[in-house]
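To keep things clear, I will list the structure first and then write my remarks on it.
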Amino acid sequence: MESRLTFFICGGLFLIMTLFMAVIGISAGESILPQTWTLLSMTVMSFSMGYLYPQFKQKDERMKMIRQKGLFYAYFALIVYFFIFFLLLGLGIIDISALELLQILSGLTISTVFLSMVYVSKRI
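Position 46 of the sequence shown, counted from 1, bears residue number 46 in the UniProt record's numbering, the numbering being contiguous throughout.
This is how it looks when you write it as structure tokens:
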């Protein structure tokens with residue numbers, strides 16, 4: 001990927017696909033399809049990479065710090081996600097299939113990692 005514009009174009013395409021999947025799921029009388037969460041996370045990833053491109057283009061200590069702290073924060077957020085889903089499933093509050101759970105968790109993982117990098121880049 002050559003420039004920020006490429007990331008923003010990919011993010012726009014993912015956003016269009018996400019909205020399409022959400023509209024299809026809702027118009028079918030169902031809830032939003034689980035695949036939509038993965039597409040939404042790809043949208044977040046593309047826009048985040050577009051924002052972070054100037055920092056990541058330079059291979060310096062700031063870029064390494066952003067990655068390191070971003071992944072550190074994302075790790076603890078993921079532990080919280082797993083704990084919440086463990087409680088909700090264990091207590092029978094929600095009832096979803098393993099495939100749906102994996103799709104939701106993969107979407108949360110991708111989004112959390114890149115959003116935590118954006119957060120860290122703004123703080124440093």
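Every residue gets a Cβ at the ideal spot worked out from N, C-alpha and C, and that includes glycine.
Within 10 Å of its beta-carbon, does residue i have 16 or more other beta-carbons around it, so buried, or fewer, so exposed?
i	result
GLY90	exposed
SER111	buried
PHE83	exposed
ILE66	buried
VAL113	buried
VAL120	buried
LEU108	buried
GLN103	buried
Straight-line CA distance for residue i to residue j?
i	j	result
TRP37	LEU99	12 Å
GLY70	GLY50	16 Å
TYR81	LEU105	8 Å
VAL118	PHE8	15 Å
LEU15	ASP60	31 Å
LYS57	MET45	16 Å
ALA74	GLN68	10 Å
Excluding the five sequence neighbours on either side, which residues of its own chain have a C-beta within less than 6 Å of the C-beta of residue i, listed in chain order?
i	result
ARG4	GLY50, TYR53
PHE47	GLY11
PHE33	As written in the sequence, residue 33 is Leu, which differs from the Phe given in the question. Only MET21, GLY25 meet the Cβ criterion.
ALA77	THR112
ILE79	none
Once the 5 residues before and after residue i are set aside, which same chain residues still bring their CB inside 7 Å of it?
i	result
ARG62	GLN55, ILE124
THR18	THR36, LEU39, LEU40, THR43
ILE94	LEU88
Return helix, strand or coil for residue i, following the three-state DSSP convention.
i	result
GLU100	helix
LYS122	helix
GLU61	helix
GLY92	coil
GLY29	coil
SER3	coil
Go through its chain and collect everything with a Cβ distance to residue i's Cβ below 8 Å, but skip five positions before and after it.
i	result
LEU101	PHE85, LEU89
Less than 7 Å separating the Cβ of residue i from some heavy atom of the ligand FAD?
i	result
ARG62	The ligand FAD is not among the ligands present in this structure, which contains no ligands whatsoever.
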